[in-house]
Amino acid sequence: MSPEKPDPETPENPLPSFKSFLSGQNTPAMIAHAIVSGCLVGATIILAAGLYYLGAKPIGDRWSKPAERSLEENTNNLESNLNSYLKKYSNIEIEKHRIKEQLSYILTKQEQNKTIAVDYYNWLFVVLPLTSSAAIVSGISLFYISKEGWKEANSYMINVFITSSTIALLNGSMSVVFKMQENATRHTEAFVTYENLYQQILTRLATLSPPSESQKLTIAQQLQTLITDNNNLLSTYNKLLINFDSSKIQLPNFLLPNSPPNEGASESQSQEGQ
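The opening residue of the sequence shown carries number 1 in UniProt numbering; numbering runs sequentially from there.
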């Protein structure tokens, strides 16, 4: 006769063991506290992902969609538009090529600043609610701790207070250290500035208008003056973008609305005389 096979052992129900593990009866208290802290951090990560992918990113894409143009599309439009704008400027191919380079550069800077501004606004959309939520949890836990006193308070409640306070502090400091609000505003202003410059250059090309009515310039001289003005403006914008302040931008007369027509010419003539 073959020996009888032992009956298979019935697996124990893991739920009581898990409850015992959480209560700290059979494990060190430090591990139980680590689990509580890990749950709070995990909930924060899930909330951050939800805020970004379900809230911030769709809103940011919707806001930037009217101004969104691919570089390839911009290049195609630029070539077709400039061919009509530059018909009046014959026999000056080098200057026309330089104008195209400047406008293409402006469109590239527009796209860069738009992307950076939207990214900063997206992270602001995430960081501010996280900071507020963690601060609320921290305040509630502190309320219960203050009722019983620190010595008599539940250790897990103290853990929740410390973890939530740390999360609130880290998220709040991120927005301050990285200057999210300031950078979002700064790059938005830069985007608008480049857009205005782009449109003004096209207007000046279309109207053949000199910087000042008192200046009698040939078509070639007008184009050369426009190229020089553009270079000076782009150089100024690139320097100011490090610490952008729109009030420090000095625009030439042809970009200023309702400016005296002879002001720019008189200044340039006085400088030349000196």
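All C-beta atoms, glycine included, are put in the ideal place defined by N, C-alpha and C.
Quick caveat, the model's predicted, so the values are computed rather than measured.
In or out: N122 buried (at least 16 other Cβ within 10 Å) or exposed? Within the sequence shown, numbered from 1, the residue matching residue 122 stands at position 122. Buried, since its Cβ has 16 or more Cβ neighbours within 10 Å.
Could you give the residue range of the alpha helix (DSSP H) that holds N183? Taking the first residue of the sequence shown as 1, we reach residue 183 at position 183. Run containing N183: M180 to T207, per the alpha helix (DSSP H) assignment.
Output yes or no for whether 8 Å exceeds the beta carbon distance between Q181 and L124. Locating residue 181 in the sequence shown gives position 181, counting from the first residue. Locating residue 124 in the sequence shown gives position 124, counting from the first residue. By the CB criterion at 8 Å, Q181 and L124 fall inside the cutoff.
Nearest to I46 by CA position, among T166, L130 and S64, is which residue? Translated into the one-based positions of the sequence shown, residue 46 becomes position 46. It is L130.
How many angstroms separate the CA atom of W63 from the CA atom of I136? In the sequence shown, the residue the question calls residue 63 occupies position 63. In the sequence shown, the residue the question calls residue 136 occupies position 136. If you draw a straight line from the Cα of W63 to the Cα of I136, it is about 30 Å long.
Mind reading off the beta-carbon distance from T188 to Y237? Whole number of angstroms is fine, and I expect it under 8 Å. By 1-based counting over the sequence shown, the position of residue 188 is 188. By 1-based counting over the sequence shown, the position of residue 237 is 237. With 8 Å as the limit, T188 and Y237 do not qualify as a contact, their Cβ atoms being about 14 Å apart.
Using the Cα positions of T108 and T44, report the straight-line distance between them to the nearest angstrom. Position 108 of the sequence shown, counted from the first residue, corresponds to residue 108. Position 44 of the sequence shown, counted from the first residue, corresponds to residue 44. Approximately 36 Å between the Cα atoms of the pair.
Can you find at least 3 beta carbon pairs, one from the region 226–235 and one from the region 90–106, that sit closer than 8 Å? Touching, per the Cβ criterion.
Is DSSP giving I116 helix, strand or coil here? The residue given as residue 116 occupies position 116 in the sequence shown. I116: helix per DSSP, three-state reduction.
Taking 6 Å as the limit between beta carbons, can you name the residues of its chain near A153, skipping five residues before and five after? Counting from one through the sequence shown, the residue named residue 153 turns up at place 153. Non-local C-beta neighbours of A153 in its own chain, meaning closer than 6 Å and more than five positions away in sequence, comprise I145, ordered along the chain.
For the alpha helix (DSSP H) containing W63, name the first residue and the last one. To locate residue 63, count along the sequence shown from 1; it is residue 63. Following the DSSP letters along the chain, one finds W63 inside the alpha helix (DSSP H) bounded by residues K57 to S64.
Looking only at its chain, what residues have a beta carbon closer than 7 Å to the beta carbon of F191, apart from the 5 residues adjacent to it on each side? Sequence index remark: in the sequence shown, residue 191 carries index 191 (1-based). So the qualifying residues of the chain are Q110, N113, K114 and A117.
Cα-Cα separation between A206 and L169, rounded to whole angstroms: Within the sequence shown, residue 206 is the residue found at index 206, counting from 1. Within the sequence shown, residue 169 is the residue found at index 169, counting from 1. A straight-line Cα-Cα distance of about 55 Å links A206 and L169.
Tell me which same chain residues have a C-beta within less than 6 Å of the C-beta of V160, skipping the five on either side of it? For this step, residue 160 is matched to residue 160 along the sequence shown. Listed in chain order, the non-local C-beta contacts of V160 below 6 Å within the same chain comprise S141, local neighbours out to five positions each way being set aside.
Host alpha helix (DSSP H) of N154 (start-end): Working through the sequence shown from its first residue, we reach residue 154 at position 154. Going by DSSP, N154 is part of no alpha helix (DSSP H) at all; its letter is neither H nor E.
Alpha-carbon spacing of T203 relative to L40, whole angstroms: On the sequence shown, position 203 is the one that residue 203 refers to. On the sequence shown, position 40 is the one that residue 40 refers to. The alpha-carbon separation between T203 and L40 amounts to approximately 57 Å.
When the Cα of Y105 is compared with those of I201, Q221, F143 and Q222, which residue comes out closest? In the sequence shown, the residue the question calls residue 105 occupies position 105. Per the C-alpha coordinates, the member of I201, Q221, F143 and Q222 positioned closest to Y105 is I201.
Which residues in the same chain have their Cβ closer than 7 Å to the Cβ of S173, if we skip the five residues on either side of it in sequence? As a first step, residue 173 is located in the sequence shown; it is residue number 173 there, counting from the start. Once the five neighbours on either side are set aside, S173 has no close Cβ partner at all.
Could you round the C-beta distance between S165 and S133 to whole angstroms and report it? I think they count as a contact, below 8 Å. Taking the sequence shown and counting its residues from 1, the one referred to as residue 165 is at position 165. Taking the sequence shown and counting its residues from 1, the one referred to as residue 133 is at position 133. S165 to S133, Cβ: 12 Å. No contact.
Collapsed DSSP secondary structure at I145 in the structure displayed: Mapped onto the sequence shown, residue 145 falls at position 145. I145 carries a helical assignment under DSSP once its states are collapsed to helix, strand and coil.
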